[in-house]
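Undergrad: Okay, handing you the structure first.
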Amino acid sequence: MSAHERSPAQKTATPIWLLLVELRTPLVVLILVYAVSVLGLVLIPGEDDQGQVWRLSFLHAFYIVSYTGSTIGFGEIPYAFTDAQRMWMLFVLYASVIAWLYAIGSVLSVLSDPAFKQLRNHRRFVTRIHSLKVPFWIVCGYGSAGSELVRFLAEHGIRCVVIDGDQGRVDTARMSELPYEIDVLKGDAGEPQVLVDAGVKHPLCRGVLAMTDHDQINLTIATNARILASRVPVYSRSERDSTTRNLLSFDVEVVIDPYRIMAREMVQLITRPAAYALYQQLVDPEIRNVPEPPVVPNGHWILCSTGRFAETLVDAFRRADVAFRLISPEPLRTGGVAGMVRGLGTEATTLREAAIGTAAGVIAATPDDGDNLSIVLTAQAENPALFMVARRNRPTSEPVFTAGPFDIVLRLGRIIAQEMYARIRSPLLHQFLVQLESMPEPLVEGILGRLRAKQLPTDAHMTHFSVTLSPSMAPGACDWMSDHTLTLCELLVDPDGSPLPALCLLVVRFNGDIVPFPGEGFGLQMGDQCLIWGDSRAEVRLNWILGRRDVLADAQQRAMAIRTVSGTA
Amino acid sequence: MNTQRVWFAFFIVLALTLNFGFFWGEIDNPDHHSPFEFFLALVVSLVATVLKIGDRSHIGAVLLATSLVADLQLIIAALIWAYSSQVLGEVSPAMMASIVSLAGGAMLANVTSVILLLSETIQLKR
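Taken in sequence, the protein lines are chains D and F. Just so we're on the same page, my numbering is the position in the first sequence counted from 1, plus 750. Just so we're on the same page, my numbering is the position in the second sequence counted from 1, plus 285.
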């Protein structure tokens, strides 16, 4: 017996056992009614067709009671009953039918008892989780962030187990239209037993994602998971610096603070639009097209926000040296801000006070969707050339934000989901994103230019994937590399000789060295891991090429021929 | 005094006594073995089984198992009896012997039940 089978939840009775205990009285009643009926029929003398005394045997009596009790009623066999037998049959009829109704009614009442149903569902869930044969992630909290993440994961075939304490959300999760069925457990993720039931100790559990709206619950989930299964990585959401420090103090693998990420993205948008576009394309699995850097006008920015988000935004803008004016209903706790305007930003006067006429853009990021929409509409009336960024708080407001005149919509839940997903999908991607942070803008623009030069098909479906040049993953390429050199531009070639519509963003060497944006002539080595970014069709082609030495060699020759032809022409 | 315990012990002991009454006599002589006594023994044994459901202690599990053994033996004996008397037309001494020996086996299971019941009772603190 392994450790997780000995958990207290497993010690509770099995549902069938509970059912039998509830059915004890109806069963005894049924047996006694049958016994008395059979005995009566055997004892009461009958007559055969010649008027002789004829006694029913136990077999016949049991047969008659059985078909009477089940209301089938074959009649009076083998001979017509006497009056005394008919009187007894009246008793048999009513008694047996009532006994059956009582028994069936008891079964139904037990089966429809909510507690019994919950026990049955829970046991079924636990059994299913413990028999899972594929790796899975535990997602705690099915709010806006949790549901987005589960969708991303399910669409890429990554299995997840969802825990949420709210029945409405549990139902939404169960009914959601996802390509993979997800397992949903109703319970408080902060309770250790719930985590165990969700499979935190399962050998195939890849990690626990604490995504609830409450920092304290996320913290509890993280500590519980760390103690219950120390090998399982924990990714947590955190909305306060104190929580972040607390989480990092016991080595939680990933801590995601959505406010800091939003602030960083805003600075990136203003100072390095190309990096912003590339970043968004890579982290959002639903942006499929080739990124176009947004055109951001010059001037100062108007921030309409309050609380923690205002503080992180102001902090980030100051560090990046971006000119801004803050509109906030109350002063920030972190200290005064020069030129702050008191108010919400929904009125034209406050916006004019913040010099909207000369501004580059507005970031409407109050915690109220109505206010954010109002700010953007008022600002647009004042200065139509503004760059509009609006924060969407409630998922139900999505239709207005999709249709509205916004250049960018900030969605808290989606940002958390993107960041978590980027780390779950491929560790290489996250390493690249770290490199992208400090990469000069011209270099990023150069990358986007190189991608355009590849002449991607118009219906390109951008995706990223990693390949490993190991004998098991790429036997053909490894064989070829044992007696040839292989550069990146030689690898990314279609079997017909034309270049594949893909770029290599990052190479991680076997010894751990990281090479961001390797050039075309970069020489590959055995054991290299490459992050490739391009049209989704390139993935299948490349994996095929990597497995076949003959195809690779063939493609090299054709590419060489094409290059010499274009060189001479 | 607990009424439920009274019924519990009543049915367990009654199952044994009825079965003993049926079993007693020359093994192959149908006149020594009343079908009514057999019928009552079977019914009481079934009721005793149902009453034993729900006790999740170890001794409860063994009690239930002995009862299931007794039921199984008695039901097989009943099938043989019904077959020989109704289909073959008469209960031959050989058939009677096998019916009574099956009931004897069931009685051993009943004895085990009663022993378990007694041992549990003796262990009880007054």
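Cβ coordinates follow ideal geometry from the N, Cα and C atoms, glycine included. Given the structure is predicted, the values throughout are model-derived calculations rather than measurements.
1. Mind pulling the chain F residues with CB within less than 8 Å of Val778/D?
2. Show which residues of chain F have a CB atom less than 7 Å away from the CB atom of Phe875/D.
3. When you compare the CB positions of Thr334/F and Leu353/F, do they come within less than 8 Å of one another, or not?
4. If the cut is a Cβ gap below 7 Å, which residues of chain D does Gln371/F touch?
5. Is the shortest distance between the beta-carbon of Ala294/F and the beta-carbons of chain D less than 8 Å?
6. Helix, strand or coil for His754/D, going by three-state DSSP, please let me know.
7. Taking the alpha helix (DSSP H) that Val950/D falls in, what are its first and last residues?
8. Which residues of chain F have a Cβ atom closer than 8 Å to the Cβ of Arg774/D, listed in chain order?
9. When the Cα atoms are used, what is the spatial distance from Tyr1009/D to Gly907/D?
10. With 8 Å set as the bound, which would you pick, yes or no: does the beta-carbon of Val703/D sit closer than that to a beta-carbon of chain F?
11. Please confirm whether Val376/F has its beta-carbon closer than 8 Å to some beta-carbon of chain D.
12. Who pairs with Cys890/D in a beta bridge, going by DSSP?
13. Is the shortest distance between the beta-carbon of Ala346/F and the beta-carbons of chain D less than 8 Å?
14. Note down the Cα distance separating Leu843/D from Glu405/F, rounded to an integer number of angstroms.
15. Kindly say whether Ile827/D, judged by its beta-carbon, lies nearer than 8 Å to any beta-carbon of chain F.
16. Taking 8 Å as the cut-off, does the stretch 1060-1080 of chain D touch the stretch 1126-1144 of chain D (at least 3 CB pairs, one atom from each stretch)?
17. Residues of the stretch 300-323 of chain F in Cβ contact with chain D at a cutoff of 9 Å, in chain order, please.
18. For the stretch 932-945 of chain D and the stretch 870-880 of chain D, state whether three or more C-beta atom pairs, one from each stretch, are separated by less than 8 Å.
19. State whether the stretch 1224-1243 of chain D contacts the stretch 1293-1310 of chain D, with contact taken as three or more CB pairs (one from each stretch) at a distance under 8 Å.
20. Below 8 Å on the Cβ atoms is my guess for Val778/D versus Val372/F; work out the distance and round it to an integer in Å.
21. May I have the straight-line CA-CA distance separating Ala753/D from Ile854/D, to the nearest angstrom?
22. Go to Ile1006/D, then tell me how far its alpha helix (DSSP H) extends in each direction, as first and last residue.
23. Going along chain D in order, which residues have a C-beta closer than 9 Å to the C-beta of Ala367/F?
24. Does the Cβ of Met751/D have 16 or more other Cβ atoms within 10 Å, making it buried, or fewer, making it exposed?
25. From Ser807/D, Ile848/D and Asp833/D, pick the residue whose C-alpha is nearest to that of Gly819/D; which is it?
26. Tell me, please, whether the CB atom of Ala865/D is closer than 8 Å to any CB atom in chain F?
27. Excluding the 5 residues flanking Asp947/D on each side, which residues of the same chain have their C-beta closer than 8 Å to its C-beta?
28. Closer than 8 Å by C-beta to Val1194/D: which residues in its own chain qualify, once you throw out the five before and the five after it? Chain order, please.
29. Mapping the DSSP letters down to three states, classify Asn304/F as helix, strand or coil.
30. Compare the C-alpha of Asp1001/D against each of Glu989/D, Ile977/D and Val1017/D and name the closest.
31. Using the three-state DSSP reduction, which class does Met1212/D fall into: helix, strand or coil?
32. In chain order, what residues of the same chain have a beta carbon less than 8 Å from the beta carbon of Thr1237/D, not counting five sequence neighbours either side?
33. Taking the alpha carbon of Ala1104/D as the reference point, which residue from Pro929/D, Tyr930/D, Ile1077/D and Phe1151/D has its own alpha carbon closest?
34. Hey, Phe307/F and Ala326/F are a contact pair by Cβ (cut 8 Å); roughly how many whole angstroms apart?
35. When every heavy atom of the ligand GDP is checked, does at least one fall within less than 7 Å of the C-beta of Glu1132/D?
36. Just confirm the distance between the C-beta atoms of Val944/D and Cys910/D, as a whole number of angstroms; I'd bet it's less than 8 Å.
TA: Reading from the atomic positions:
1. Val332, Val335 and Leu336
2. Neighbours of Phe875/D on chain F: none; closest Cβ ~23 Å, over 7 Å.
3. yes
4. Ser807 and Leu809
5. no
6. Confidence is the limiting factor: at His754/D the pLDDT is only 41, short of 50, which leaves the residue's position unreliable and the question unanswerable from this model.
7. Element bounds for Val950/D: n/a, residue is neither H nor E.
8. Val335, Leu336, Ile338 and Gly339
9. 29 Å
10. An answer regarding residue 703/D cannot be provided, because it is not within the stretch 751 to 1319 covered by chain D.
11. no
12. Ile913/D and Ala960/D
13. no
14. 41 Å
15. no
16. no
17. Pro320, Phe321 and Phe323
18. yes
19. yes
20. Actually they do not touch by this definition, with Cβ atoms about 32 Å apart.
21. Unreliable positioning characterises Ala753/D in this predicted model, as indicated by a pLDDT of 39, which lies under 50. The coordinate reading is nonetheless provided below. Those two C-alpha atoms are separated by around 39 Å.
22. Segment Val1004 to Ile1006 is the beta strand (DSSP E) holding Ile1006/D; no alpha helix (DSSP H) there.
23. Ser807, Phe808, Leu809 and Phe812
24. With a pLDDT of only 35 at Met751/D, under 50, the local geometry of the prediction cannot be trusted, and the value read off the model is given with reservation. With fewer than 16 Cβ atoms within 10 Å of its Cβ, Met751/D is classed as exposed.
25. Ile848/D
26. no
27. Ser757, Ala759, His872, Phe875, Val876, Ile879, Leu935 and Gly937
28. Arg1022, Ala1024, Ala1025, Leu1028 and Leu1186
29. helix
30. Ile977/D
31. strand
32. Glu1270, Gly1271, Phe1272, Gly1273 and Leu1274
33. Ile1077/D
34. 5 Å
35. Looking for the ligand GDP in the displayed structure turns up nothing, as the structure carries no ligands at all.
36. With 8 Å as the limit, Val944/D and Cys910/D do not qualify as a contact, their Cβ atoms being about 15 Å apart.
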